[in-house]
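Novice: Just passing along the structure, written as structure tokens.
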Amino acid sequence: MNKKAVSEIISYSILIVIAVGISILVYSALKLYLPSERQTCPEEVSMIIQSATCKNSYLILELKNQGLFNISALYIRMADSARTTRTQINKGDEILLPQIPPGGTKRWEGGVRTVKNEEEDVSIVTKDADYTVEIQPALISKQKIILCERAVITETINCKVGDGSAP
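My numbering runs 3 ahead of the 1-based position in the sequence shown.
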């Protein structure tokens, strides 16, 4: 009787069992670390810009929530109408307290400046021209910000450069 063949079969069987065991462990670990479902923004999120005023590098927006959910955050971006990439002008001030309830309005006002480097900030509005304002609402769920990519609104407004004071 040839015992070498039995020994090889047993060793290959053990290798297969070890490989299957390792693959089960890797699958379990990956399932734990990867999120099971990606949170998305509901389609019933909707905002409109009721009015927009831009003068002297200062922007005033009247926003209305026409959706069915509270708006928890806003990302406001602006750039010259000819540009496709817009600069966020409310960095660090995205979270809304209080939230905008369905049917509610929010007045946002602020400068349209961006930080060029640590010593200097530069105005986005450099000349009297048309500029595009983009507003992206977001919701907060389970302490995570969910961007509403399908609810982004844009509007072209005319900005005037003046003496630098707020309107």
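Glycine included, C-beta positions come from ideal geometry on N, C-alpha and C.
Using only alpha-carbon positions, find the residue among Y78, I12, A154, Q42 that is nearest to K147.
Specialist: If we check each option's Cα against that of K147, Q42 comes out closest.
Novice: Is it buried or exposed, S75, if we count other Cβ atoms within 10 angstroms and call 16 or more buried?
Specialist: The residue in question, S75, is buried, as its Cβ has 16 or more Cβ neighbours within 10 Å.
Novice: What does the Cβ neighbour count give for P101, buried or exposed, with the cut at 16 atoms within 10 Å?
Specialist: It counts as exposed.
Novice: Along the chain, where does the beta strand (DSSP E) containing E112 start, and where does it finish?
Specialist: It spans 108-114 - the beta strand (DSSP E) in which E112 sits, taken as one unbroken run.
Novice: Name, in chain order, the residues that DSSP records as bridge partners for L64.
Specialist: DSSP, once it has assigned bridges, lists A55, W111 as partnering L64.
Novice: Just to confirm the assignment: which complete beta strand (DSSP E) runs, minimum length 3, are found wholly within the stretch 75-112?
Specialist: Here the runs fully enclosed are 98-103.
Novice: S10 to I27, Cα distance in whole Å?
Specialist: Approximately 26 angstroms between the Cα atoms of the pair.
Novice: Does the stretch 107-115 come close enough to the stretch 20-39 to have 3 or more Cβ pairs within less than 8 angstroms?
Specialist: Output reads no: the stretch 20-39 does not touch the stretch 107-115.
Novice: So is I25 buried or exposed if we call it buried at 16+ other beta carbons inside 10 Å?
Specialist: Exposed, since its Cβ has fewer than 16 Cβ neighbours within 10 Å.
Novice: Do I92 and R80 have their CB atoms nearer than 8 angstroms?
Specialist: Yes. Within cutoff.
Novice: Determine the contact status of S60 and V128, defining contact as a CB-CB distance below 8 angstroms.
Specialist: Yes, the pair counts as a contact, with Cβ atoms nearer than the cut-off.
Novice: Taking all protein chains shown into account, decide if G95 is buried (16 or more other Cβ within 10 angstroms of its Cβ) or exposed.
Specialist: So G95 counts as exposed.
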